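Protein chains in written order, with UniProt numbering: chain A, 1 to 86; chain B, 1 to 463.
Encoded as C-alpha cells, the structure appears first; notes follow it.
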Amino acid sequence: MRIVVDLNKCQGYAQCAFLAPDVFTMHGEEALLYNPLAAEEHRDAVARAAAACPVQAITVEGLHEGAPVEPVQVFTGAPWEPRDGR
Amino acid sequence: MAADYVDWLRREGRIVIVGASLAGLRAAETLREEGFTGSLTLIGDEPYDPYDRPPLSKSVLLGKASPRHTELPRRRHLDAEWRLGVPAAGLDLTGKRVLLADGEEVEYDRLLIATGVRARPWPVAEEAELDGVFVLRTRDDAVALTERLRAGAKRVVVIGAGFAGSEVASACREMGMEVTVAERAGAPLVGALGGVVGAVAADLQLENGVDLRTHVTVTALEGDPMGRVRSVHLSDESVVEADVVVVSLGSLRNTEWLTGSGLGAGPRGIASDAGCRAFDFRGIVTDDVFVAGDVARSPHALFGYQFLSLEHWGNAVAQAETAAHNMICPASDRRPHMWMPAFWSSQFGVNIKSVGVPPMGDELMIIQGSTAERRFVGVYGYKGRIVAGVTFDNARWLEYCQRQIEQGAPFPVEYPTMDRRPEGRKAVPADFPDPALPTHGPTVTLSGYSPADRRLVFTPGHH
Chain A
1 MRIVVDLNKC
11 QGYAQCAFLA
21 PDVFTMHGEE
31 ALLYNPLAAE
41 EHRDAVARAA
51 AACPVQAITV
61 EGLHEGAPVE
71 PVQVFTGAPW
81 EPRDGR
Chain B
1 MAADYVDWLR
11 REGRIVIVGA
21 SLAGLRAAET
31 LREEGFTGSL
41 TLIGDEPYDP
51 YDRPPLSKSV
61 LLGKASPRHT
71 ELPRRRHLDA
81 EWRLGVPAAG
91 LDLTGKRVLL
101 ADGEEVEYDR
111 LLIATGVRAR
121 PWPVAEEAEL
131 DGVFVLRTRD
141 DAVALTERLR
151 AGAKRVVVIG
161 AGFAGSEVAS
171 ACREMGMEVT
181 VAERAGAPLV
191 GALGGVVGAV
201 AADLQLENGV
211 DLRTHVTVTA
221 LEGDPMGRVR
231 SVHLSDESVV
241 EADVVVVSLG
251 SLRNTEWLTG
261 SGLGAGPRGI
271 ASDAGCRAFD
281 FRGIVTDDVF
291 VAGDVARSPH
301 ALFGYQFLSL
311 EHWGNAVAQA
321 ETAAHNMICP
331 ASDRRPHMWM
341 PAFWSSQFGV
351 NIKSVGVPPM
361 GDELMIIQGS
371 TAERRFVGVY
381 GYKGRIVAGV
391 TFDNARWLEY
401 CQRQIEQGAP
411 FPVEYPTMDR
421 RPEGRKAVPA
431 DFPDPALPTH
441 GPTVTLSGYS
451 PADRRLVFTP
461 GHH
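This is how it looks when you write it as C-alpha cells:
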C-alpha cells in the first residue's frame, strides 16, 4: 500500500499513530513520521487510521480491493547531458 | 468556435505533461477526473514512478522508510503513456512538439510544464565529485546518502542551514553522528522565516549537539589521495574534519531545456498568469502551454500581485489541479491559482509550520507561547496587515492565521491573550536578510513590483 499524508492538513491529532503504530509514529509532540510503503499485514490498521484522521490528511492507494495500479513503462533512455535538467 | 475546440480537446486532444513528480501526477489525475478522454503522456527524467520527496530528509534518513519506496499513491487509474528515464531536451512552440533527449519527439495540443527544481550542486566540480559529498533531492540522492550514513559515517558537515540542511542535521544527530552545520547567515532558516525565528532554530540545533557555525562560508572541500572527502575549510580559517558532506544550498529551476524556445523561462522559473498559462518571452500569455509546481512563478492577489515561486508540496498539488482544470475548460470557467502558501518542516522533534509569505513581512509578533519555550505562534506584518504566520509545535493555530491573512487583518494585533508572553505584546523587526544579498534559497521567492508601493523598488532574488 502506498501512503501519503498531506502534512499541511495534519494537525498532530495522533489518531493514526494510535491506530497503526507500525506505520505512523509521532516524532516529538506534533511532528508525524510515516512509512510511505506499508506492508499488507497492516492493511486493516491503515484503513482505520485513514478513516479516523480528523482532518482527512491520509491518502492510501490499494486500500480497497481492485483498485488499479497500472504498469509503468520504463524507458531507460540514452545518456543525457546534465545541462538538460529534466 | 472556441467551445467546439474545447469539446474536441477534451474528447480526443493530446495532452503532454513534462515532469512526472507530484505536480505532474496530480495534474494527470485531475485531467481524467474532469473528463479528459484524449491521449495523455507523462515525461520524466528519472526512471521511477512519481514519488514523494519530503520523507527523504525525514523518515528515510531516520530509517523509518526505504529511500526506494516513497512512491505517491494514485488517486485513480490514469490510462497514460509514461516516458520515464528520459528528460525533455527542447520545446518547439510553433510546431507544438516536445523534444526528448533520446531524439524522439512528442506532439501535443496542450502542454503542462512541471519540471520542478533540482539541488544546487557544490560549485567547484572537482570538489563536488569527491567521494562522500552528497546533495539530497532525488530518490537516488537519498539511496546514496543513507547507504553511506548506515555504513558508519561519523562526522557529517552540512553546508547550508535552510529547511533541508537543518532536517539532515537533525536526523544525523539523532543517529549519533557528529554534525557541523555551516551557514552564511546569522542563523538557520533566516531566508524563510527571518532572524528572530532563526535564533530559535539556532538554539534548537545547539541544544541538540550540533556544532553550528554561522556567518561563515565554505571555502574548499579537501579530499585525501583516494578521492574521499576529508575536511571542510571555512571562511574563518577553521578546518572541520568530515567523512560525509551534505551540500544543501537550495535549488535551481529546471528551465534550461526551454532555452531558445521562446517561452518566458529562465533561472527564476517560468512566469505565468494567475490561471497557470505560461508567458512567452515577450510577456504575452500563451494559450496552450501551462505551468505548475516549483518551476512556476505566478502573481498572487493576496500578496500585491507579486510573482510567487513556491517550493511547497501543497502548492504543487493545488497548482497542478488548477492548471489541469484550466487546460480543458472554456475561458469563462477558468480559475485563478489562489492557494495560500503553506509549508512544514520537522527537525529536532519540533513541528514547524507556516502559512502566508513570511519574507514579505518586515515585523513579527509572537501572539501565543514564547520563543524561549520553542512553542509559539508568530504573525508577520507588512504595511499594517498580517501577511504570514509561523508555528513551532502549535499547528492548530495555522487555520486561524490563514483566516487572518485572507481577511487582511490589521498588524500589529491588538487582542489580549490568556497565556504567558515573556516577550511582551509588541512587534519586533522580523530580521530578514537584505533580498539583494545572495542566500541559499528561501522557499518563497518574491520578485517584481508591489502595486502597494508608490515608489517602485526592484527586489531581485538572486538565486
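For every residue, glycine included, the Cβ atom is placed at its ideal position computed from N, Cα and C.
Only a predicted model underlies this, so the values are computations on that prediction, with no experimental measurement involved.
Within the region 33 to 62 of chain A, the residues whose Cβ lies closer than 9 Å to any Cβ of chain B are, in chain order, Leu33, Tyr34, Asn35, Pro36, Leu37, Thr59, Val60, Glu61, Gly62.
At least one CB atom of chain A sits nearer than 8 Å to the CB of glycine 349/B.
Where glycine 195/B is concerned, the enclosing alpha helix (DSSP H) starts and stops at 190 to 207. Arginine 26/B and histidine 233/B have their C-alpha atoms roughly 43 Å apart. If you look at glutamate 399/B, you'll find it in the alpha helix (DSSP H) that goes 398 to 406. Within chain A, Arg2, Pro36, Leu37 have C-beta atoms less than 8 Å from the C-beta of glutamate 71/B, given in sequence order.
The closest CA to that of alanine 3/B, considering only Gly293/B, Gly63/B, Met327/B, is found on Met327/B. Contact note: alanine 14/A does not reach chain B at a C-beta cutoff of 9 Å; the least C-beta distance is about 12 Å. Per the coordinates, the alpha-carbon of valine 197/B lies some 42 Å from the alpha-carbon of aspartate 287/B. Per DSSP, reduced to three states, the secondary structure at histidine 300/B is strand. Using beta-carbon distances, proline 55/B counts as an interface residue toward chain A, with a partner under 8 Å. DSSP, read as helix, strand or coil, puts histidine 42/A in helix. A contact between stretches requires three or more CB pairs, one per stretch, nearer than 8 Å, and the region 76 to 93 of chain B meets this requirement with the region 253 to 262 of chain B. Here the alpha carbon of valine 379/B sits roughly 46 Å from the alpha carbon of lysine 96/B. For asparagine 326/B, the secondary structure class from DSSP, reduced to helix, strand or coil, is helix. Counting only runs of 3+ residues, the beta strand (DSSP E) found wholly inside the region 9 to 83 of chain B occupies 14 to 18, 39 to 44, in chain order. A direct Cα-Cα distance of roughly 8 Å separates alanine 142/B from valine 135/B.
Ranked by Cα distance from threonine 37/B, the first of Gly63/B, Pro47/B, Val6/B, Gly19/B is Val6/B. In the DSSP assignment, proline 429/B forms a beta bridge with Glu363/B.
With respect to glycine 195/B, glycine 186/B sits close: the two C-beta atoms are nearer than 8 Å. By the Cβ neighbour-count rule, lysine 426/B is exposed, with fewer than 16 other Cβ atoms within 10 Å of its own. Contact between serine 251/B and alanine 119/B holds, with the beta-carbon distance rounding to 6 Å and staying under 8 Å. Between the beta-carbon of proline 54/A and that of threonine 70/B there is about 25 Å, and that puts the pair past the 8 Å contact cut. If you draw a straight line from the Cα of proline 50/B to the Cα of glycine 24/B, it comes to about 8 Å. By the Cβ neighbour-count rule, tryptophan 8/B is exposed, with fewer than 16 other Cβ atoms within 10 Å of its own. Listed along the chain, the chain B residues whose CB falls inside 9 Å of the CB of leucine 19/A amount to none; the nearest CB is some 17 Å away. Residues Ile15, Leu40, Ala324, Met327, Ile328 of the same chain have their beta carbon placed closer than 8 Å to that of leucine 31/B, with the five preceding and five following residues left out of the count. Per DSSP, serine 166/B lies in no beta strand (DSSP E) segment; the continuous alpha helix (DSSP H) that holds it begins and ends at 163 to 174. Excluding residues up to 5 positions away in sequence, Gly116, Val117, Glu311 lie with their Cβ nearer than 6 Å to the Cβ of aspartate 294/B in the same chain. Contact check for arginine 148/B against glycine 132/B passes: the beta carbons are separated by less than 8 Å.
Cβ-Cβ distances below 6 Å link glycine 408/B to Arg385 in the same chain, with the five nearest sequence neighbours on each side left out; the list follows chain order. Counting C-beta pairs with one atom in each stretch, the region 57 to 72 of chain B and the region 31 to 47 of chain A have three or more that are closer than 8 Å, which means they touch. Lysine 58/B sits buried, since 16 or more C-beta atoms from the chains shown fall within 10 Å of its C-beta.
Contact between the region 333 to 352 of chain B and the region 196 to 210 of chain B is established, with three or more Cβ pairs separated by less than 8 Å. Shown here, arginine 48/A sits in a helix according to DSSP, grouped into three states. Burial of methionine 365/B is indicated by the presence of at least 16 other C-beta atoms within 10 angstroms of its C-beta.
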